[in-house]
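Enquirer: Have a look at this one before I ask anything.
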Amino acid sequence: KLARFPCVRTLEGFDFDAQPSIDPGQIRDLATGRWIGHGQALLLLGPPGVGKTHLAVALGREAVDRGYTVLFTSAAALMAGLTKAHADGRLEEKLLQLSKPKLLIIDELGYLPLEPAAAHLFFQLVSRRYERASMLITSNRPVGEWGQVFGDAVAATAILDRLLHHSQVITIRGDSYRLRDKRRSGLLQ
Ligand code: ADP
Ligand code: MG
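Given below as structure tokens:
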């Protein structure tokens, strides 16, 4: 039940040689799920195509295999769900539901502009889960730009204060893996 991974991706299928900005030892350690046992957060940051979603799905799968309840959602779907629940007077119920999985994976924060009320709703979710249950968030925007992502610098600071307190932040650099073959065949410079 839960999880809802958008695709099948594994750590075995991740080419660490192609991504030298990632420490394979750190990923292996994350795969043990100990950080989830401790309610820590994990941020995977970097430009499009560098493997953020791949690693989020693969680590989510490892967590499921170790008996943790996991829910995977896109940031857009999460925010839409929170906004609708709020409008329907069911925010409390929704926050309770989203607080249950031991690991909540939120993919692609920052790709789409957020609704003005979303920052406050997201803050409530982060506060609920803080020090109790883990969050894995992927974003194409560095945390220094999350004020713009949320359209609210004060809310972004409060969100990051909690997320970063017990956390690991992995910033992935490099070119898109998707465009690798095109570059190799000379289609791209
Ligand atoms: P992001 O979420 O950072 O935009 P993805 O994780 O979706 O990028 O990666 C884009 C595609 O390239 C996916 O199909 C993914 O499986 C693949 N990919 C990215 N990096 C690697 C890698 N180091 N080894 C194997 N496949 C990779
Ligand atoms: Mg992605």
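In my numbering, the protein residues as written are 4 to 192. Don't be surprised by glycine CBs; every beta carbon is placed ideally from N, CA and C.
What ranges does the alpha helix (DSSP H) occupy inside the segment 102-174, keeping only unbroken runs of at least 4 residues that lie completely in it?
Expert: 121-132, 149-153, 156-168
Enquirer: Helix, strand or coil: how does DSSP classify L14 here?
Expert: What you label residue 14 is simply residue 11 of the sequence shown in a count that begins at 1. Coil.
Enquirer: Assuming contact is defined by CB atoms lying nearer than 8 Å, are T174 and L48 in contact in what I supplied?
Expert: In the sequence shown, counting from the first residue as 1, residue 174 sits at position 171. In the sequence shown, counting from the first residue as 1, residue 48 sits at position 45. Yes, the pair counts as a contact, with Cβ atoms nearer than the cut-off.
Enquirer: What is the residue span of the alpha helix (DSSP H) that I56 lies within?
Expert: Here residue 56 refers to the residue found at position 53 when the sequence shown is read from its first residue. Note on identity: in this sequence residue 56 is Thr, with Ile being the wrong assignment. First-last of the alpha helix (DSSP H) with T56: 55-68.
Enquirer: Does the beta-carbon of E111 have 16 or more other beta-carbons within 10 angstroms, so that it is buried, or is it exposed?
Expert: The residue given as residue 111 occupies position 108 in the sequence shown. So E111 counts as buried.
Enquirer: Using a Cβ-based criterion (distance less than 7 Å to any ligand heavy atom), does R12 qualify as near ligand 1?
Expert: Within the sequence shown, residue 12 is the residue found at index 9, counting from 1. Under cutoff, so the answer is yes.
Enquirer: Hey, how far is the Cα of N143 from the Cα of R93?
Expert: For this step, residue 143 is matched to residue 140 along the sequence shown. For this step, residue 93 is matched to residue 90 along the sequence shown. Rounded to the nearest angstrom, the two C-alpha atoms are 31 Å apart.
Enquirer: Going by Cα to Cα distance, which pick from G40, H41, A120, H57 is closest to F17?
Expert: For this step, residue 17 is matched to residue 14 along the sequence shown. When each option's Cα is compared against that of F17, the closest is H57.
Enquirer: Can you tell me whether F8 is helix, strand or coil according to DSSP?
Expert: Counted from its first residue, the sequence shown places residue 8 at position 5. If DSSP states are grouped into helix, strand and coil, F8 belongs with coil.
Enquirer: Verify the contact flag: R181, CB atom, against every heavy atom of ligand 1, threshold strictly below 7 Å.
Expert: Translated into positions along the sequence shown, residue 181 becomes position 178. Distances from the CB of R181 to the heavy atoms of ligand 1 include at least one below 7 Å.
Enquirer: Select from L117, E134, S77, L115 the residue whose C-alpha is nearest the C-alpha of Q43.
Expert: As a working note, residue 43 is residue 40 in the sequence shown. Of L117, E134, S77, L115, the residue nearest in Cα terms is E134.
Enquirer: Since L139 and L101 should fall inside the 8 Å C-beta cutoff, what is the C-beta to C-beta distance between them, to a whole number of angstroms?
Expert: Sequence index remark: in the sequence shown, residue 139 carries index 136 (1-based). Sequence index remark: in the sequence shown, residue 101 carries index 98 (1-based). Contact flag wrong, Cβ pair sits at about 14 Å.
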